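Protein chains: 2
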Amino acid sequence: MLTISILVNDLETSAETSVKDNNDMPGHLARRFQQIAVAVFLAEVEDAGFDLTPVQYAALATIKANPGLDQVTLAGLIAYDRTTITGVIDRLVQKGLAERRPSSRDRRARELQITDEGRRTLRKITPAVESAQRIMLGGLSAKEGEELMRLLRKAIAAGNELSRAPQRDAQI
Amino acid sequence: MLTISILVNDLETSAETSVKDNNDMPGHLARRFQQIAVAVFLAEVEDAGFDLTPVQYAALATIKANPGLDQVTLAGLIAYDRTTITGVIDRLVQKGLAERRPSSRDRRARELQITDEGRRTLRKITPAVESAQRIMLGGLSAKEGEELMRLLRKAIAAGNELSRAPQRDAQI
DNA sequence: GGATATTGCTCAGTATGCTGACGATCAGTA
DNA sequence: TACTGATCGTCAGCATACTGAGCAATATCC
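So the protein sequences, as listed, match chains A and B.
For the working numbering, add 29 to where a residue sits in the first sequence, where the first one is 1.
For the working numbering, add 29 to where a residue sits in the second sequence, where the first one is 1.
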């Protein structure tokens, strides 16, 4: 009791809010883990001789798996904001990895296709991407890594609708 | 066996890379969880009548807990890049929540102080911040939430040096 | 069929985050 | 003390992310 009292007084000289340690804040931990994940991804990919961001990679892989999809569908599949997708596709097109052409069925929409160069890039980059995923979880045992991913998936599923860019399955 | 074979052929017509589902990628899950965490934070804080980002909140709370610290130390404590801090402090100062003044001991450095208004804001905003942290973990049991935070902390500690902005304790 | 609502995409503006560079300053050493 | 290297803060430039707005086109409803 005495210890606690001293601790509180030490942290808070006045009777104000009890500011928790940043490491007790899931939001802070989320930011830190993301920060490390991006840095590891970029380092591994650059070591492999490529220049592709995590976001660009996810978009390209999803275009490959769903040829001809439009931008809104792509955004839904990987949970990007639709305004973000525009710039990401711009850069994939500019690098010659993807193509954007007007849809014949809906003149508002753009159909996305991966190019041969994009396919080649995806194939060659895969070991680096997989290596990055391993490094991100490097401090955890295999079982802990699985558990972390399970808990993240569960928390994400529960909060899916809370951001402007929820995950959406493709329409049939 | 048959099922698996069909599935693989369905996903991969040629003998190319096996593109994993995004939900098996810790990097993707990290981005999604962060995305939701930020959205929840902003929504809760705005509901409480304030306009403060997660990054600004963390900086302000850390300034309050370490009066007079310089920008590099602040960056280290919350693992921001030092180039990011400049803009964050700019906005805190512009909102009247913090002050930046030249250090008397080191003319390169700037000493940071929280203002009365900043203190007031921190105090009033705390319930919203705590509510946001709860909502982020809303899909998990209390035990699962604890476990998620433990695993994140462990993974982050192992990867601390891998980003340009590692966490650093303050010098004594 | 025509008014209305919705949807696909883009844009301007703002806030992280990062790379790489720079000037000013400090610290350590020859 | 002069030189060298490191450090503090800032800047330009780029890439996410988001808000809110708008245009064009499609869907829906009467």
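For every residue, glycine included, the Cβ atom is placed at its ideal position computed from N, Cα and C.
Just so you know, these numbers come straight off a predicted model, no measurement behind them.
- At the C-beta level, A59/B and Q63/A come within 8 Å of one another.
- Around the C-beta of A199/A, fewer than 16 other C-beta atoms lie within 10 Å, and the residue is accordingly described as exposed.
- L98/B has a beta carbon lying at 8 Å or more from every beta carbon in chain A.
- V101/B is the residue among R134/B, V101/B, S133/B whose C-alpha sits nearest the C-alpha of I118/B.
- Beta-bridge pairing by DSSP links I118/B to no other residue.
- Secondary structure note for A127/A: its beta strand (DSSP E) is the uninterrupted segment 127-131.
- Cβ contact annotation for I143/A (same chain, cutoff 6 Å, sequence separation greater than five): I92, K93, A127, in chain order.
- Below the 7 Å Cβ cutoff, chain A contributes A87, I107 as neighbours of N51/B, in chain order.
- By alpha-carbon distance to R129/B, the top candidate from N52/B, Q196/B, L103/B, T150/B is L103/B.
- With respect to the C-alpha of R193/A, the residue from P195/B, G56/B, V69/B, R134/B having the closest C-alpha is V69/B.
- Nearest to D50/A by C-alpha distance, out of E159/B, L191/B, S170/B, is E159/B.
- Of the other Cβ atoms in all chains shown, fewer than 16 fall within 10 Å of the Cβ of R134/B; this residue is therefore exposed.
- Put simply, of K172/B, D99/B, R182/B, R120/B the residue whose alpha carbon is nearest the alpha carbon of R136/B is D99/B.
- Residue environment: T112/B is assigned as exposed (fewer than 16 neighbouring CB atoms within 10 Å of its CB, all protein chains considered).
- Within the stretch 127-194 of chain A, the complete alpha helix (DSSP H) segments at least 4 residues long are 145-165, 171-188, listed from N- to C-terminus.
- Burial check for A171/A: the Cβ neighbour count within 10 Å stays below 16, so the residue is exposed.
- Within 9 Å of the CB of S132/A, no CB atom of chain B is found; the nearest one sits about 23 Å away.
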